[in-house]
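Residue numbers (this note's numbering): 278 to 359. Just below is one structure, and these are the notes that go with it.
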Amino acid sequence: MSVRATERLIGDVVVVSGLSNSAKMVVQSVDEEAKSITAVWFSDDHAAQTAVFPAKAVDRFEQKEKPARKPRAGAKKPGRRK
278 MSVRATERLI GDVVVVSGLS NSAKMVVQSV DEEAKSITAV WFSDDHAAQT AVFPAKAVDR
338 FEQKEKPARK PRAGAKKPGR RK
């Protein structure tokens, strides 16, 4: 699902939806009339890269949450005394 080219998108992390191994990029600026965004990311050699993408070509990056840790067996519960 593509994003809308609005000022609220600045600072969000996006990926190119058509690429399976797209870099995670931060939106730097938005051109609402042209419906394009300028994004910055770091390449494999740690150099900053900047490019302009059409808004319909990118999606917001949603990080999957890690499952909650289960308490250890036999662990004392807080607030209980012997």
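We put the CB at the ideal spot given by N, CA and C, even for glycine.
| Query | Result |
| --- | --- |
| Residues near F338 by beta carbon distance below 7 Å, same chain, minus five either side | V290, V291, V292, K301 |
| Residue interval of the beta strand (DSSP E) (run including A328) | 325-331 |
| Rounded separation between W318 and D308 - CA only | 18 Å |
| C-alpha gap between R285 and A345, whole angstroms | 31 Å |
| Assigned exposure category for V304 - 16 Cβ within 10 Å defines buried | buried |
| Pairwise C-alpha distance: P355 and D321 | 45 Å |
| Per-residue DSSP class, three states only, for R285 | helix |
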